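*Asks:*
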Amino acid sequence: MATMLRPEFPIGTARLDLRPFTMADLEQVHAYQSRADVARYLYWEPRSAAEVEAALARRLDRDRLTREGDCLSLAVRRVDTGHLIGELDLDWLSERHRSGEIGFIFHPDQHGHGFATESAAELLRLGFTGLGLHRIIARCDARNTASAGVMERLGMRREAYLRHNEIVKGRWADALVYAILDSEWTAGT
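Below, the structure is given as structure tokens:
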């Protein structure tokens, strides 16, 4: 197993570039994080420009995984337009158990084009081949059928439906947990 992951940026896919965030991304990140339809299934309410700026500042040094507990946080940019359209996270959950978690958020105007699946597949590759993970999970609100669909297209299987798992925005929320093993990912590539 690798003991750290320091990718070369940008990481290219067929239609996208993945790279660390910069403060110059503020306006484009605010364009989707300020929307109610984006925040609907997340822990936070639509964010003001100041809230996005503070959240973005916390992500600036998340460009590598050097120890358990680190998070790799990447901006997703369309190559054809140059626009930042979303974000990805890869959390290193456990070195001993070789496990991680992925997450993603995309601008609603970019839904339905396969961008989330394309970029998240690259994140799985980084986790499995770059860091040597054995198992990667992803979670979403049970009502978020779009995110669940991305996880299924990635070859992840639903392992749990957690009823009243957390209180989110003052209400009990159900959650779905998906996972994929390194052997399943290799078989699907």
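Numbering-wise (our numbering), the sequence shown opens with residue 1031 and increments by one. Heads up, the beta-carbon is just placed ideally off N, CA and C, and yes, glycines get one too. Predicted, not measured: the structure shown is a model, and the values here were computed from it.
In chain order, what residues of the same chain lie with their CB nearer than 8 Å to the CB of residue 1160, ignoring the 5 residues before and after it?
*Replies:* Excluding residues within five positions, the ones whose Cβ falls inside 8 Å are 1032, 1035, 1037.
*Asks:* Count Cβ pairs between the region 1063-1070 and the region 1118-1125 that sit closer than 8 Å; are there 3 or more?
*Replies:* They do not touch, by the three-pair rule.
*Asks:* Which same chain residues end up closer than 8 Å to residue 1158 when comparing Cβ atoms and leaving out the 5 residues on each side of it in sequence?
*Replies:* Only 1166, 1212, 1215, 1216 meet the Cβ criterion.
*Asks:* Report the partner residues of residue 1115 according to the DSSP bridge assignment.
*Replies:* Residue 1115 is not bridged to any residue.
*Asks:* Return the CA-CA distance between residue 1143 and residue 1182, expressed in angstroms with no decimal places.
*Replies:* 16 Å
*Asks:* Do the CB positions of residue 1086 and residue 1056 come within less than 7 Å of each other?
*Replies:* yes
*Asks:* Less than 6 Å between C-beta atoms, sequence neighbours within five positions excluded: which residues of the same chain meet that for residue 1133?
*Replies:* 1119
*Asks:* Buried or exposed for residue 1097, please, with buried defined as at least 16 other CB atoms from any protein chain shown within 10 angstroms of its CB.
*Replies:* exposed
*Asks:* With residue 1137 as the anchor, note down where its alpha helix (DSSP H) starts and where it stops.
*Replies:* Per DSSP, residue 1137 belongs to no alpha helix (DSSP H) and is neither H nor E.
*Asks:* For residue 1186 and residue 1103, what's the separation of their Cα atoms in angstroms?
*Replies:* 21 Å
*Asks:* Return the CA-CA distance between residue 1194 and residue 1201, expressed in angstroms with no decimal places.
*Replies:* 9 Å
*Asks:* If you run the structure through DSSP and keep just helix, strand and coil, what is residue 1171?
*Replies:* strand
*Asks:* Where does residue 1141 fall in DSSP's three states?
*Replies:* coil
*Asks:* In three-state terms, what does DSSP make of residue 1080?
*Replies:* helix
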